[in-house]
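Per UniProt numbering, the sequence shown starts with residue 1, numbered consecutively.
For glycine and all other residues, C-beta sits at the position ideal for the given N, C-alpha and C.
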Amino acid sequence: MLLPKSWLEKYVTLNGDTRAIADEITATGNHVESILLRSKDLSGIVVGKILEIKPHPNADKLVVCQIDVGGEVKQILTAAKNVFEGALVPVALDGAKLAGGMEIHNTEMRGLPSLGMMCSLEEVGMDTSVIPKSARDGIHILESDVAPGTDYLKLLELDKEVIELEITPNRPDCLSIRGMAVETAASTGSKLSMKDPIVEETSDVSMSDKFNGLHVETEFAPRFYLRMLTDVKVAPSPQWLQNDLMASGVRPINNIVDLTNYVMLEYGQPLHAYDLDSLKGPELHVRLAKDGETMTTLDEVERTLTADDIVICDESGIVGLAGVMGGAISGVSEGTHTVVLEGANFEAGHIRKTSKRLGLRSEASTRFEKGLDPNMAQKAVDRVCELAVEIGAAKVAKGSMDHYPEELKPWTIDASVKRINGLLGTSISGDDMVRILESLLIETTLDGDTLHATIPTMRGDLHIWEDLAEEVGRIYGFGNITPLPLKGTLTRGGKSLYRQVEKKAQDVLLAAGYNEFMTYSFMGPSAFDRIRLPEDDPLRRAIKISNPLGEEYSIMRTTLLPNMLDIFVKNMSYKNPSAYGFEFGNVFAVDTDDEGLPKEFMKLAIGFYGEEDFYYLKKTVETVLTRLGIDGLRFVQVQDFPLFHKGRQAEVYIHDECIGIFGCIHPKAQDDLGLKQEVYLAELDFTKIVDYAKDNVTYKPIARFPSMERDLAFVVDKKLPAQDLLDYVEANGGEFLESVEVFDVYFGKGIEDGKKSIALKLAFRHKERTLKEKEIVPTVDSLIEGIETKFQGQLRSK
C-alpha cells in the first residue's frame, strides 16, 4: 500500500523526519517497505502560461510559443499537438533536471532560440500507469488555475514523500488512509483529527422519484447502501484530488470515478458508481450467478461465471461482479447525468474464490477478500456525496436505500491489567493501558484491575483479551520491554500411545531384518490396475488433487500396496537378489469426518522377496502383533483379493475384527510386472492395531518344573483350516495345557486325495510340581476323540 505523507497530514499532525515516523510505524507492526521521494533528482520546473502560439517559419512540425513563467516571458519551441493559447503547462527552464538524468539547456531549433522545454508527466518521473489518458501523449495541461512561475513540483506535491507499506492480511482496516492515520497517531503520539462525513441533500429530486428499489436475494451481501447524485457534471478532477490519487498509484479518470477511488483509498471501502440512464429498469437485484452466465467487466473482457459468484443485476442482466469489478455497460461516461452510488459489503470467502478463479484482482477484491466492516459502507458513500458537492461535480438527491438486516455493533472485551502485564513481561499501569487503547479509537474504562474495552467494528481482528494485550504491547513498544528469563514449571514430555506402539512395531521389524520404506502419499489411478483391483472396488474411490504434479501423482492413496510393489519391481530391475521392507503410511478416504474433512488412517505394509515364503510373512505379522501385547490373534484363509494367489492369501483377525490381509502376489500380476521372483505383501490397519495393543505387559518367572509334550498328527479334510484345530485344542485342553502349535502340514504319499495331515505339538505344565503321566492322558484322549468326532479327523499312528 502507498501512503502519501501529504494525504496523511490531513488527519495527523506530524512532526519530525519521515524516516523517524516510518520507523515508529514499523515498530508497531505495520512494516514500511520504502520511502519514495518522487521529486528526487528533479529541479527547475515551474508553471508557465502560453500567451501566444505561432508556426515556425522554417519547420512544419514546430510551433513557437511565448510563455509567461512568472514575471518573464520565454520563447519555447515544441512539436506537441495538444498545446493552445492560455494553457498552463510545466516548463523546465535552463539548467533544469528531469527524470532519467536529462538536463535542459537553452538551445536553437531551425534558426530560432528555445529557452527551455514544456514537459509531459512522464518526463517529470510519473509512472505511465498513473498518468491520465488525456495526458499520456503530449504536454501536461494543468486543470487548476495557478499563477505562472509557481513551483510545479510543489503544485503536484512531488516533493512530499510516499511511504510504501506491507499490510498483514488480518488488518484490512489499515488498507486505508484513515486506518493508517489512526495507527500513525498512536505510534508517534501525534494528534489525530477525523470526523464523519456530513451530507447536504442539495438536489430538489428524491432518490425514490427515479429509483424504485433494491432487492438483495443472497445472504452473502450483508450490507448494501445506495445514494443518488443528480445534475452530474463529468469533468477532470481538481489538481489536489489528482495528486492524491497518482501518489497512491491510481490513475485519474474523471471527477465521479476519481471520487469513488479517492474514498476507497481514504476509507478502505470499495465503491461503485452506476449511470442511472444506462440501467435497464430503475432497480437493482443482488443474487448468486447461475453456472455459465457471462458478463463483460469494465476491462472489456467477457467473464464466465459460476454459482459461487455474487452479481448485481438490472432487468436486462448482470451489470456488476460484486466485490471484484463493475460491468462495462453501466459505467460513468461523459454523457452521465444521474449516478447511483453503491457502498456494499460482501462475504470475504466468495470474493476470494471469484477473484482467484477468474484471475482478476482489483483494488476492491484485495480489500473485500480480507473481510470489511459493513458499517463503513454508508460512511464511504456519504463521503463521496460530501466531496461531490464540495468540488461542484453534482448535487445529492434526497433519501437513501439500505439493506442491513443484521447490524454489526461494537463488542466488549474484558481484560485484567495484571494478566496483560504477566503475558508481556511489563509493569504498565492500567491508566497507561487505557491511554494506549483509546489512541487506537478503542473506548476503554478501568474498573480496579479490569479493563472494559469497546471494540470498534472496523477492528475485526480483536476478539479475546490476548488481542488487547498485543495492542498494548505493540504501541508501548516491544523494543521497550526488558527481556527476562522464562518462568514456569517443567513438565515431562513423552510420546503418545500411538507413537509408542509404532516405535515398538518398528523395532521388531528392524530386528527381524526388514528396512523401513517411505513413499509419497499420492499416486495415479493406474496404480489400482497394477494391483488388479476391480472397477467397482471401494479402494478406487480416491480423493483427487486439484493441482497435481502429473497423472501419476493425481490422487491421494487409499492403500500402501502399489507403492510397496513398485519398490520391489525397482529392486529386481537393479538385480538385487532380495529385499525386505515395511512402511507406516497414511491413507485417505473420500468419506468425511465431523468437520467435513477427508478421513485419514495409518496402515502398516510389510513385504519381501527372496528366500523366505508365505509362512515367513505370516510369522512376521504374528510376531509384530504378539510383541505389541495383542491376544486373540487368528488367521483365516481367503481367496477373493485379486492381487494375491487364490491359495496363498489370508486375513488377519484380532478376535472377531479383521485388521488386514497378506499373501503371495498372483502369477498373472507377477508376469504383468515382469517380476522374476515371488513377492509377498501384507497390509494391516495400524489404527485398529493401536486400539488392541497393550503396554502393561506382565512377566512371569521361568518355569521351575518340566513340561510334558505330546505330538499328535491328524488326517483331516484338505479344506479344513489348521486354526480350527488350534482353537478346539485351546478351548478343551484343560488346566495344564500351556501351549499348542502346528509344526507340520503334509500332503502326498500315504495321504489320500482331498486330505492333509496336520501335526500339533501340545505342551502341558504344572506351576508347582512335576506332572504325572496319568494327569494328562485323559485330556489327550478326550482331545483325540473330540477332533475325530467334530472334524472327522483320523489320528495318524506314524
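Residue span of the beta strand (DSSP E) that contains residue i, given as start and end
i      : result
His403 : Met401 to His403
Phe791 : It is not in any beta strand (DSSP E) - Phe791 carries neither H nor E in the DSSP assignment.
Glu164 : Val162 to Glu166
Gln75  : Val73 to Thr78
Ile702 : Where Ile702 is concerned, there is no enclosing beta strand (DSSP E), given that its DSSP letter is neither H nor E.
Helix, strand or coil at residue i according to DSSP, with G and I counted as helix
i      : result
Arg136 : coil
Val47  : strand
Tyr553 : helix
Asp414 : strand
Pro525 : coil
Gln670 : helix
Tyr119 : Strictly speaking, residue 119 in this sequence is Cys, with Tyr absent from that position. It is coil, neither helix nor strand.
Pro778 : helix
Asp127 : coil
Thr444 : strand
Met264 : helix
Lys409 : coil
Asn243 : helix
His480 : Strictly speaking, residue 480 in this sequence is Asn, with His absent from that position. Of the three classes helix, strand and coil, the one that applies to Asn480 here is helix, per DSSP.
Ser496 : coil
Glu363 : helix
Phe644 : strand
Ile177 : helix
Which listed residue (the options) has its alpha carbon closest to that of residue i
i      : options                           : result
Glu72  : Glu24, Leu98 and Thr150           : Thr150
Gly734 : Pro534, Asp711 and Thr779         : Thr779
Asp277 : Glu266, Gly249 and Ser330         : Ser330
Ala669 : Cys658, Ile659 and Phe641         : Phe641
Val745 : Phe736, Glu738, Leu760 and Ala731 : Leu760
Ala605 : Ser193, Tyr11, Ile50 and Glu502   : Glu502
Leu156 : His56, Gly425 and Ile141          : Ile141
Thr698 : Val690, Ile630 and His645         : Ile630
Ala397 : Ser526, Tyr580, Leu229 and Asp373 : Leu229
Asp251 : His105, Arg136, Gly632 and Met295 : In the sequence under discussion, the amino acid at residue 251 is Arg, which differs from the Asp named in the question. Closest by alpha carbon: Arg136.
Lys700 : Val715, Met325, Lys767 and Thr306 : Lys767
Residues near residue i by beta carbon distance below 8 Å, same chain, minus five either side
i      : result
Phe220 : Leu288, Ile310, Phe346, Glu347 and His350
Arg765 : Ala703, Phe705, Pro706, Ser707, Met708, Phe736, Glu738 and Leu771
Val569 : Leu673, Gly674 and Leu675
Thr592 : Pro598 and Lys599
Thr218 : Val286, Arg287, Leu288 and Ile310
Range covered by the alpha helix (DSSP H) that runs through residue i
i      : result
Val569 : Leu561 to Ser573
Arg110 : Taken as a continuous stretch (DSSP letters only), Arg110 belongs to no alpha helix (DSSP H), as it is neither H nor E.
Met518 : Run containing Met518: none; DSSP gives neither H nor E here.
Ala96  : Premise fails: Ala96 lies in the beta strand (DSSP E), Leu88 to Lys97, not in any alpha helix (DSSP H).
Val472 : Trp465 to Tyr476
Asn732 : Ala722 to Asn732
Gly610 : Taken as a continuous stretch (DSSP letters only), Gly610 belongs to no alpha helix (DSSP H), as it is neither H nor E.
Asp23  : Thr18 to Ala27
Asp382 : Met376 to Glu390
Gly349 : Ala348 to Leu358
Thr687 : Phe686 to Tyr692
Glu709 : Looking at the DSSP string, Glu709 is not in any alpha helix (DSSP H); the run it does join, the beta strand (DSSP E), is Met708 to Asp717.
Same chain, Cβ closer than 6 Å to residue i, five either side skipped, listed in chain order
i      : result
Arg532 : Pro642, Leu643 and Ala669
Asp711 : Lys761
Ile784 : Leu795
Phe614 : Arg648 and Cys664
Ile436 : Val472 and Ile475
Neighbourhood of residue i by C-beta, 7 Å cutoff - its chain only, sequence neighbours within 5 removed
i           : result
Arg634      : Tyr653 and Gln723
residue 828 : With the chain covering 1 to 798 only, the question about residue 828 has no answer from this structure.
Asn212      : Pro282 and Glu283
Gly477      : Ala27
Pro172      : Gly268, Arg367, Lys370, Gly371 and Leu372
Residue i beta carbon near the ligand SAM (any heavy atom closer than 7 Å)
i      : result
Glu651 : The ligand content of the structure shown is nil, which means the ligand SAM is not present either.
> Would you call the region 670–680 and the region 593–612 in contact, with 3 or more CB pairs under 8 Å?
Replying inline: yes
>> Does the region 334–342 come into contact with the region 264–277, if we say contact requires no fewer than three beta-carbon pairs (one atom in each stretch) closer than 8 Å?
In response: yes
> Is there contact between the region 495–512 and the region 520–539, where contact requires at least three CB pairs shorter than 8 Å?
Replying inline: no
>> When you compare the region 184–202 with the region 385–395, are there three or more beta-carbon pairs, one atom per stretch, that lie closer than 8 Å?
In response: yes
>> With three or more beta-carbon pairs closer than 8 Å as the criterion, would you say the region 78–87 touches the region 41–61?
In response: yes
>> Using a Cβ distance threshold of 8 Å, determine whether the region 230–248 contacts the region 393–408, with at least three qualifying pairs required.
In response: yes
> Do the region 405–419 and the region 246–263 meet, that is, are 3 or more Cβ pairs less than 8 Å apart?
Replying inline: no
>> For the region 364–379 against the region 299–307, do three or more pairs of beta-carbon atoms, one drawn from each stretch, fall closer than 8 Å, so that the two count as touching?
In response: no
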